[in-house]
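Chemist: Mind having a look at this structure? Questions to follow.
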Amino acid sequence: MPFTSSPFINSLVPLDIHVLHWGFITITVPNTIVIATMIIVFILALVIPFPTSHESGKRK
Amino acid sequence: MTTTGDHRSRTEAPDAGNWSTGLARWIAGLVPRGQWLPGRQPAYVASWIYVFGVTTLAAMVVVIGTGILLSVRGANWWHHSAIGHFVNSLHLWSVELFLAAMTVHLWGKFFMAAWRGRRGMTWFTGVLTFAASIGTAFTGYVMQNNLDSQWISTQAKDGLNAVGVGARFNAMNFSQMVLWHVSLLPLVLGVLVVLHLLLVRRHGVVPPIGATVPDGSEEPVEMSGTATEEVR
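These protein sequence lines map, in sequence, to chains D and H. Numbers given in this note's numbering equal positions in the first sequence, counted from 1, plus 917. Numbers given in this note's numbering equal positions in the second sequence, counted from 1, plus 240.
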């Protein structure tokens, strides 16, 4: 796909990149994967139980 | 330093008016006693969502360390040496981790409304750090000097012109962008991060929304602006 109006610049861009289009949003597949991974990590951080220390039980 | 036979009242402390003592007291008073590096945190901090701040900080340490190595050895080193190439890659990937962890940290702090309890400046220094990090990353990308970065600098120039900032500096001025990336912006980031961490230690970690003391009394967890638990 032509990225710019300059054929020279366009010739420098690799042609085998995969790009997703959604309205005005144009994003590469690897970038989409990065963002999706961040969202998944965020959700997992909220739901995965955190290991608690057993020391607090001994002090009671 | 005090002098003998001075004119001050004998009821005043010997070091009253001493600038060094005053500064030491001010610094010590910034953070409650024992909270500079606390060994304990409130029970609600036991959640994975709280690791992203320190992950961001750890990644930043690697970014700065590898950045120092790269600046000491110069561009030829990371272009023509295997070790230099490796350190260059470490610098890139630690930046990726830094920005990803900082963004997840931002999401967590936003959705838990971490500005509550007089923590507005903690939030605001975080926002400034986020903005400065983006500027640092962009100037780092531009300083590659390859054709891709030269093209990107023209886009940055157009964008900055569109918001009026372009009158102040030109993103296509590569020598300026190199120095901003290597010295000016890391200094700004360092100051902001120190302020941010100081405020986190000063005010403590914000309790979850609607948190109550787990003793059956349903009493709300204290929302005070300062960490009150003294670490013994």
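Glycine included, every Cβ here is placed at the ideal spot set by N, Cα and C.
Could you say if the region 388 to 408 of chain H and the region 932 to 939 of chain D meet the contact criterion of at least three C-beta pairs nearer than 8 Å?
Modeler: Result no; under three Cβ-Cβ pairs closer than 8 Å.
Chemist: Below 7 Å between beta carbons: does that hold for residue 412 (chain H) and residue 393 (chain H)?
Modeler: Taking 7 Å as the Cβ cut-off, residue 412 (chain H) and residue 393 (chain H) qualify as a contacting pair.
Chemist: Could you tell me whether any Cβ in chain D is nearer than 7 Å to the Cβ of residue 215 (chain H)?
Modeler: Residue 215 (chain H) is absent from the structure shown; chain H starts at 241 and stops at 472.
Chemist: Give the single residue among H:416, H:370, H:264, H:326 whose Cα lies nearest to the Cα of residue 431 (chain H).
Modeler: The shortest Cα separation from residue 431 (chain H) among H:416, H:370, H:264, H:326 belongs to H:370.
Chemist: Residue 963 (chain D) versus chain H: which residues are under 7 Å apart at the beta carbon?
Modeler: Neighbours of residue 963 (chain D) on chain H, chain order: 289.
Chemist: Residues bridged to residue 944 (chain D) by DSSP?
Modeler: Its beta-bridge partners are D:937.
Chemist: Listed in chain order, which residues of the region 938 to 949 of chain D have Cβ atoms closer than 9 Å to some Cβ of chain H?
Modeler: Within the region 938 to 949 of chain D, no residue has a Cβ that lies closer than 9 Å to any Cβ of chain H.
Chemist: Flag residue 444 (chain H) as yes when its Cβ comes closer than 6 Å to any non-hydrogen atom of the ligand HEM, and as no otherwise.
Modeler: The ligand content of the structure shown is nil, which means the ligand HEM is not present either.
Chemist: Go ahead and label residue 967 (chain D) buried or exposed: buried means 16 or more other beta carbons lie within 10 angstroms of its beta carbon, across all protein chains shown.
Modeler: Result: exposed.
Chemist: Kindly confirm or deny that the region 415 to 423 of chain H and the region 354 to 361 of chain H touch, where touching means at least three C-beta pairs closer than 8 Å.
Modeler: Output reads no: the region 354 to 361 of chain H does not touch the region 415 to 423 of chain H.
Chemist: Whole angstroms is fine: what's the gap from residue 304 (chain H)'s alpha carbon to residue 457 (chain H)'s?
Modeler: Distance between the alpha carbons of residue 304 (chain H) and residue 457 (chain H) is about 48 Å.
Chemist: Starting from residue 339 (chain H), trace the alpha helix (DSSP H) both ways and give me its first and last residue.
Modeler: Its alpha helix (DSSP H) spans residues 322 to 351.
Chemist: Applying the criterion that 16 or more other CB atoms from any shown protein chain within 10 Å of the CB defines a buried residue, is residue 328 (chain H) buried or exposed?
Modeler: Answer is buried; the Cβ neighbour count reaches 16.
Chemist: Pull the bridge partners of residue 452 (chain H) from the DSSP assignment, please.
Modeler: DSSP output for residue 452 (chain H) lists H:460 as bridge partner(s).
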